Every structure is written in structure tokens, then in C-alpha cells.
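Structure record follows, encoded as C-alpha cells.
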Amino acid sequence: MMTTHHLDRARPYTLGLFRIVIGSLFTCHGIASLFGVLGRETLRTGTWPGWYAAVIQLAAGTLVTLGLGTRTAAFLGSGSMAFAYFDVHQPAALLPIENGGEPAALFCWTLLLVAFTGPGAFAVTRTSHPAPQQEEHHLGVPV
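Numbering (the working numbering), first residue to last: 12 to 154.
Written as C-alpha cells, this is what we have:
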């Protein structure tokens with residue numbers, strides 16, 4: 012007989028809150044770069060790659076925060092941060108602590124996690140189209 016850990020009941024809510032926080036932080040980076048607020052200077056329109064990264068941060072971050080097209084938006088955001096890390100930060104030094112790439116690396120991996128785990132609770136898509144209850148499986152065994 013399989014028993015569920017009592018913390019598993021909170022999983023969708025924890026994932027939902029995680030998604031909201033990560034999406035909000037990602038959105039803030041886009042807003043700061045595009046509009047010159049929050050201690051940043053405005054990027055010139057069309058500047059490669061920063062301005063395009065900021066547009067992706069604003070759009071993907073907003074969608075992730077709302078839980079609308081979460082997996083696609085998170086995957087796009089993750090890919091843009093992987094590009095930012097390897098193209099902008101990594102050539103300066105090997106490790107993120109040395110090259111200023113910690114935010115890019117953290118956003119890359121956290122957004123990839125959101126892309127694979129889904130939106131969790133509190134997502135716009137969950138309120139507009141409630142998903143049918145499904146039994147969760149791990150390695151073919153009900154959990």
C-alpha cells in the first residue's frame with residue numbers, strides 16, 4: 012500500500028506560488044530594461060541582444076506569472092537565459108560567480124523547471140478550463 016507524504020497535498024499550491032514569484036521577478040527585469048526603472052537605464056530599441064531579451068523577459072514573465080501558456084512561455088524564457096549566459100556571461104569567465112551570470116543561470120533553470128512541472132495552482136488556465144482530476148503516477152505506479 013502506497014501512502015502519500017503529507018506535503019504532497021501542498022504541491023500544486025507551492026508550484027503555483029513558485030511560478031508567480033519567478034514570473035514576477037523575470038517580468039521586473041524586462042520592465043527595468045525596457046523602461047529605465049528599478050535602477051536600470053533604458054535600452055535603446057532594437058539593441059542586440061539586450062533589448063530583445065528584455066522583450067522576452069516582459070512577455071514570458073507576464074505569461075508565466077498569470078499562468079497563461081505557462082509551459083511555452085517558461086521554455087522560451089529559459090532558452091533566452093541560456094543564450095544570455097553562454098553568449099554574454101560565459102566568455103568573461105567560466106563560473107557564474109565570476110562572470111555575473113548567476114541571474115541568467117538561475118532564471119534558465121527555474122524557468123525550465125516551470126516548463127516541465129506546469130503552472131500549479133492559481134493559474135488563469137486552471138480557472139478558465141478546470142482540468143479533470145487524474146491519478147498521479149511515478150514510474151508507472153500510482154502515487
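Beta carbons: idealized from backbone N, C-alpha and C, even for Gly. A quick note: this is a predicted structure, and the numbers were derived from the prediction, not measured.
For Thr-25, the first and last residue of its enclosing alpha helix (DSSP H):
As a working note, residue 25 is residue 14 in the sequence shown. Thr-25 -> alpha helix (DSSP H) spans 22-46.
If we ignore side chains and look at the alpha-carbon of each, how far apart do Leu-105 and Pro-23 end up?
Position 94 of the sequence shown, counted from the first residue, corresponds to residue 105. Position 12 of the sequence shown, counted from the first residue, corresponds to residue 23. So the alpha carbons of these two residues sit roughly 36 Å apart.
In the structure shown, what three-state DSSP assignment does Phe-86 receive?
If you number the sequence shown from 1, residue 86 lands on position 75. If DSSP states are grouped into helix, strand and coil, Phe-86 belongs with the helices.
Counting beta carbon pairs with one atom in the region 83-94 and one in the region 60-67, are three or more of them shorter than 8 Å?
yes
Using three-state DSSP, classify Ala-116 as helix, strand or coil.
Sequence index remark: in the sequence shown, residue 116 carries index 105 (1-based). Helix at Ala-116.
Segments assigned alpha helix (DSSP H), at least 4 residues, entirely inside the region 51-114:
61-77, 81-95 and 107-110
For Thr-76, is the classification buried or exposed, using 16 other Cβ atoms within 10 angstroms of its Cβ as the cut-off for buried?
Along the sequence shown, one-based indexing puts residue 76 at 65. With 16 or more Cβ atoms within 10 Å of its Cβ, Thr-76 is classed as buried.
So Tyr-96 packs on Ala-116, CB below 8 Å; how close in whole Å?
Here residue 96 corresponds to residue number 85 of the sequence shown, with the count starting at 1. Here residue 116 corresponds to residue number 105 of the sequence shown, with the count starting at 1. Confirmed, Cβ separation roughly 6 Å.
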